[in-house]
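Note that this note's numbering numbers the sequence shown so that position 282 is 408, with each residue one more than the last. Even for Gly, the Cβ is constructed at its ideal location relative to N, Cα and C. A quick note: this is a predicted structure, and the numbers were derived from the prediction, not measured.
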Amino acid sequence: MNEQQNRTTRQNSAVTVIGLGPMGQAMTRTLLTAGHPVTVWNRTAGRADGVVSDGATLAATPSEAVEASDLVILSLTDYQAMYDVLDGATESLAGRTLVNLSSDTPDRTREAATWAAGHEATFLAGGVMVPAPMVGTEAAHVYYSGRDEAMESHLTTLTLLGTPKHLGEDPGLAQLMYQAQLAVFLTTLSSLMHATAMLGTAGMKAKEALPELLSSADSIGDILRAGEETPGAALDAGEHPGDLSTVTMMGATSDHIVETSTSLGLDLALPLAVQAHYRRAIRDGHGSDNWTRIIDSIREPR
127 MNEQQNRTTR QNSAVTVIGL GPMGQAMTRT LLTAGHPVTV WNRTAGRADG VVSDGATLAA
187 TPSEAVEASD LVILSLTDYQ AMYDVLDGAT ESLAGRTLVN LSSDTPDRTR EAATWAAGHE
247 ATFLAGGVMV PAPMVGTEAA HVYYSGRDEA MESHLTTLTL LGTPKHLGED PGLAQLMYQA
307 QLAVFLTTLS SLMHATAMLG TAGMKAKEAL PELLSSADSI GDILRAGEET PGAALDAGEH
367 PGDLSTVTMM GATSDHIVET STSLGLDLAL PLAVQAHYRR AIRDGHGSDN WTRIIDSIRE
427 PR
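Next comes the structure, spelled out in structure tokens:
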């Protein structure tokens, strides 16, 4: 079989999707649209009705779902759910590639890779970095880690879900990147709600406040890039030049946010957490360093 025939075979290969929440449904429809036969399974079978109407095949059991395809994509709540679903289907796993796009910790991801290998299956971990409606669009990207050969073998199919970014063979890497991205995302969401609550105490509606706050959030990346040609290079070199935003200056700002939030009767969990980073850096004698010095107390809390 020549390379063109190989490519065509991969493009039309069968895929199994287990887990039909919004993300699983979106992936199933994306694969169907691209011409892949897709077999699905979900604990609540009724969730499959929509994708079955679109052309997917509903398996009666997890074993039947696994046996339908060499490539099995999991979109579940966490890694324990994978064991719950597949523990009765382990005899069907040999020779297949499991791509787990569920969220959990890097350690549990590595344990899952070992578990899969014990059943003669190849394991890829992944993190989808867009919400379900954006799966399969140009804006979508997915982090993966695991065996290079498995990634290469299924690259054409996985690219349909979003631009793949393979981080290496350590299965925990994709999960670590996913959690790091969510750390930025979730704290940004909390800060937006805290700021909206602050402005709300003065009678400003959210529809007036959020556009201004979102503009500020959008500008953070540009501000950090303007301050350093390669963001992160100074951190890697252990350098924290205090030319602009020093720990002392940013710490004073964090104090003011705590004082304002206290006077407004708001929850202090978020501003106190931020303030603690700067106070620790100042106590350690780094007040004149750049604000990035707060990474010390994050790396080595005490």
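Requested in this report: Check residue 337 in the structure and name its three-state DSSP category.
Outcome: By 1-based counting over the sequence shown, the position of residue 337 is 211. Here residue 337 sits in helix by DSSP.
Query raised in the report: Between residue 304 and residue 253, is the Cβ-Cβ spacing less than 7 Å?
Result: What you label residue 304 is simply residue 178 of the sequence shown in a count that begins at 1. What you label residue 253 is simply residue 127 of the sequence shown in a count that begins at 1. Against a cut-off of 7 Å, the Cβ pair of residue 253 and residue 304 comes out as a contact.
Query - residue 403, enclosing alpha helix (DSSP H) - first and last residue - result: For the purposes of this step, residue 403 is taken as the residue at position 277 of the sequence shown. Looking at the DSSP string, the run of the alpha helix (DSSP H) that includes residue 403 is 395-409.
Report task. Report yes or no: do three or more beta-carbon pairs, one from the region 219-237 and one from the region 192-207, lie closer than 8 Å? Result -> yes
**Report entry** Between the CA atoms of residue 140 and residue 158 - distance to the nearest angstrom
**Finding:** The residue labelled residue 158 in the question sits at position 32 within the sequence shown. The residue labelled residue 140 in the question sits at position 14 within the sequence shown. Those two C-alpha atoms are separated by around 10 Å.
**Report entry** Closest residue to residue 387 among 376, 320 and 166 (Cα-Cα distance)
**Finding:** Within the sequence shown, the letter at position 261 stands for residue 387. If we check each option's Cα against that of residue 387, 320 comes out closest.
Report task. Measure the beta-carbon distance from residue 219 to residue 246 and round it to whole angstroms, keeping in mind my assumption that it falls under 8 Å. Result -> Translated into the one-based positions of the sequence shown, residue 219 becomes position 93. Translated into the one-based positions of the sequence shown, residue 246 becomes position 120. That belief holds up - the Cβ atoms of residue 219 and residue 246 are roughly 7 Å apart, short of 8 Å.
Query raised in the report: With DSSP run on the structure shown, which of helix, strand or coil describes residue 159?
Result: The sequence position of residue 159 within the sequence shown is 33, counting from 1. Of the three classes helix, strand and coil, the one that applies to residue 159 here is helix, per DSSP.
Query raised in the report: Out of curiosity, what's the CA-to-CA distance linking residue 264 and residue 300?
Result: Taking the sequence shown and counting its residues from 1, one reaches residue 264 at position 138. Taking the sequence shown and counting its residues from 1, one reaches residue 300 at position 174. Approximately 20 Å between the Cα atoms of the pair.
Report task. Out of 215, 168 and 183, state which residue places its alpha-carbon closest to the alpha-carbon of residue 145. Result -> Counting from 1 along the sequence shown, the entry for residue 145 is found at position 19. The residue with the shortest Cα to Cα distance from residue 145 is 168.
Requested in this report: Below 6 Å CB to CB, which residues in the same chain sit around residue 162 once its five sequence neighbours on both sides are set aside?
Outcome: Looking up residue 162 in the sequence shown gives position 36. 141.
Query - Unbroken stretches of the alpha helix (DSSP H), 4 residues or longer, contained in the region 344-388 - result: 359-362
Query raised in the report: Leaving out the 5 sequence neighbours to the left and right, which residues in its chain are closer than 6 Å to residue 335 when beta-carbon positions are compared?
Result: Position 209 of the sequence shown, counted from the start, is the residue given in the question as residue 335. Cβ neighbours of residue 335 beyond the five flanking positions: 322 and 325.
Report task. Have a look at 229, 423 and 298 and flag the residue whose alpha-carbon is nearest the alpha-carbon of residue 409. Result -> Here residue 409 refers to the residue found at position 283 when the sequence shown is read from its first residue. When only C-alpha atoms are compared, the closest one is 423.
Requested in this report: Measuring alpha carbon to alpha carbon, tell me which of 173, 164 and 165 ends up nearest residue 148.
Outcome: Within the sequence shown, the letter at position 22 stands for residue 148. Closest option to residue 148, Cα to Cα, is 173.
Report task. Consult DSSP for residue 251 and reduce its assignment to one of helix, strand or coil. Result -> Against the sequence shown, residue 251 aligns to sequence position 125. Strand.
Report task. Tell me whether residue 249 is buried or exposed, calling it buried when 16 or more other Cβ atoms sit within 10 Å of its Cβ. Result -> Residue numbering aside, residue 249 sits at position 123 when the sequence shown is read from its first letter. With 16 or more other Cβ atoms within 10 Å, it is buried.
Query raised in the report: Helix, strand or coil for residue 142 per DSSP?
Result: Counting from one through the sequence shown, the residue named residue 142 turns up at place 16. Looking at residue 142 - three-state DSSP - the assignment turns out to be strand.
Requested in this report: Evaluate residue 290 with the Cβ neighbour count: other Cβ atoms within 10 Å of its Cβ, from every protein chain shown; 16 or more gives buried, anything less gives exposed.
Outcome: Within the sequence shown, the letter at position 164 stands for residue 290. So residue 290 counts as buried.
Query raised in the report: What are the boundary residues of the alpha helix (DSSP H) that includes residue 232?
Result: As a working mapping, residue 232 is identified with position 106 in the sequence shown. Its alpha helix (DSSP H) spans residues 232-244.
Requested in this report: Give the DSSP-derived three-state secondary structure of residue 280 in the structure shown.
Outcome: By 1-based counting over the sequence shown, the position of residue 280 is 154. Here residue 280 sits in coil by DSSP.
Report task. Determine the direct distance from the alpha carbon of residue 187 to that of residue 171, and round the result to whole angstroms. Result -> Locating residue 171 in the sequence shown gives position 45, counting from the first residue. Locating residue 187 in the sequence shown gives position 61, counting from the first residue. If I take the Cα positions, the gap works out to 10 Å.
Report task. Keeping to the same chain, check which residues put their C-beta closer than 8 Å to that of residue 267; ignore five residues upstream and five downstream. Result -> Within the sequence shown, the letter at position 141 stands for residue 267. Answer for residue 267: 255, 256, 288, 289, 290 and 291, listed in chain order.
Query - DSSP beta-bridge partners of residue 198 - result: Taking the sequence shown and counting its residues from 1, the one referred to as residue 198 is at position 72. Bridge partners of residue 198: 142 and 224.
Query raised in the report: With 16 other CB atoms within 10 Å as the buried threshold, where does residue 341 fall?
Result: In the sequence shown, residue 341 corresponds to position 215, counting from 1. When all chains shown are included, residue 341 counts as exposed.
Requested in this report: With a cut-off of 8 Å on the beta carbons, I'd call residue 181 and residue 151 a contact; round off their distance for me.
Outcome: Residue 181 sits at position 55 when you count from the first residue of the sequence shown. Residue 151 sits at position 25 when you count from the first residue of the sequence shown. In fact, because the Cβ distance is near 13 Å, the residues do not count as touching under 8 Å.
Query raised in the report: Is it true that the CB of residue 297 sits closer than 7 Å to the CB of residue 279?
Result: Locating residue 279 in the sequence shown gives position 153, counting from the first residue. Locating residue 297 in the sequence shown gives position 171, counting from the first residue. No; because the gap between Cβ atoms is not below 7 Å, this pair is not in contact.
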